[in-house]
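What follows is one structure encoded as structure tokens, with my remarks underneath.
There are 2 protein chains.
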Amino acid sequence: MTDTTERPPESARLLRIHEAALDVGLTPRSVRYYEEVGLLKPAARSEGDYRLYDETDLERLRFIKGLRDDAGFSLAEIAQLLEDEAARERGHAAFHATTDPDERRRILCERLASFDGQIETLKRKIGRLQTMVDETEARRARTVARIAELGAGETC
Amino acid sequence: MTDTTERPPESARLLRIHEAALDVGLTPRSVRYYEEVGLLKPAARSEGDYRLYDETDLERLRFIKGLRDDAGFSLAEIAQLLEDEAARERGHAAFHATTDPDERRRILCERLASFDGQIETLKRKIGRLQTMVDETEARRARTVARIAELGAGETC
DNA sequence: CGCAACCTTGCCGCACACGTGAGAGTTGAG
DNA sequence: CTCAACTCTCACGTGTGCGGCAAGGTTGCG
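Protein chains in written order, with my numbering: chain P, 769 to 924; chain V, 769 to 924.
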């Protein structure tokens, strides 16, 4: 406000697709594809129709990449999670649009069910992975015991 | 050797592909595909070249299905895990082929490193999923609090 | 031995998740 | 204003993970 050097007001730092993709570790093609299948829309477009991404978009992209890489979710599953999220935000709006306590309670209860469903989905995956970890650790422990039986020697 | 009635000696209960697939919840096509990409080979073939699967094969198939469905691993990643397992079994053989304690120790240490790598891979996935669960549960808790603020009413 | 039900290999097709140009337009530094 | 670098929208190509069909062979009950 006090200087004339055009300083983007922090909230308006927009990146073009290449920079945005680099930032989150994806390719421009993937980012466009995610838009194609409805996972996100750039915050804005330039005069010449270039896609422009803000920090919110980047977080969304990181979210998508995390689910894809780390959890092995398909884009369809990710779309479902994002859809649930959107539904909750619509619920948020509906919540503020009414003052009826019963209605408000109903909205919050829906939101609760949505969270619960998501948590259960994630926990099932964790449970399966944990079982595998447990089995592997048990076998690792047996190997450690056998090394100990071999007697001294600190090579590992 | 002592009787002429061909009685499968318990260890030789072999299933054809359709039964095997049904048993583990896959399709015959998938099972053949897994063989095509080197994930398993049937324990035997019949006179007419029918694939015959034993209990070990079934467990391997269940292992593959679990990783595919629950953990979202690609067949290539599963192949890697199975490859590591095979390496450990080769180590097992090598272990019994020698009596040199140093050699034996080296073999066991390799096995240990293999287990550790696998455990780390799995735990990274779990960590990511757990982070998501934590975030979702925190938001769920805020929703619960807001419902409580709305006062009485046990509808959910 | 006949015959239905199952199996074989081979091959084409499909959905997903992008990669890779082609051809045209945009941006911004010099 | 020029020009390299970037971006746009089609549009076709690619690898994965199977589905499905064809043409023929195998099994095993009756």
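Every residue gets a Cβ at the ideal spot worked out from N, C-alpha and C, and that includes glycine.
The Cβ-Cβ distance between aspartate 838 (chain V) and arginine 896 (chain P) falls below 8 Å. According to DSSP, arginine 813 (chain P) shares a beta bridge with P:Arg819. Rounded to the nearest angstrom, the gap between the Cα atoms of threonine 899 (chain V) and glutamate 815 (chain P) is 39 Å. Look at the beta carbons and you see the segment 886 to 895 of chain P not touching the segment 863 to 876 of chain P: under three pairs across the two are nearer than 8 Å. Here valine 901 (chain V) is buried: its Cβ has 16 or more other Cβ atoms, across all protein chains shown, within 10 Å. At least one CB atom of chain V sits nearer than 8 Å to the CB of isoleucine 887 (chain P). Listed along chain P, the residues sitting closer than 7 Å to glutamine 898 (chain V) by beta-carbon distance are Ile894. In this structure the segment 818 to 834 of chain P lies against the segment 798 to 807 of chain P, because at least three pairs of beta carbons, one per stretch, are closer than 8 Å. Each residue's CA atom was taken as its position, placing alanine 916 (chain V) and threonine 904 (chain V) some 18 Å apart.
Counting every other CB atom within 10 Å of its CB across the protein chains shown gives serine 882 (chain V) a total of 16 or more, marking it as buried. Among the residues facing chain P, leucine 918 (chain V) is included, as its CB has a counterpart in that chain under 8 Å away. Straight through space, the alpha carbons of glycine 834 (chain V) and arginine 892 (chain P) are spaced by roughly 12 Å.
Here threonine 911 (chain P) is buried, its C-beta having at least 16 other C-beta atoms within 10 Å. DSSP places cysteine 877 (chain P) inside the alpha helix (DSSP H), whose first and last residues are 869 to 917. In this structure, valine 799 (chain P) lies away from alanine 811 (chain P), with their beta-carbon atoms at least 8 Å apart.
Residues of chain V whose Cβ lies closer than 8 Å to the Cβ of alanine 861 (chain P) do not exist, since the nearest Cβ in that chain is about 15 Å away. Distance from the Cα of leucine 918 (chain P) is smallest, within the candidate group V:Ile894, V:Ile846, V:Ile875, for V:Ile875. Contact between leucine 820 (chain P) and leucine 782 (chain P) holds, since their C-beta atoms are separated by about 4 Å, short of 8 Å.
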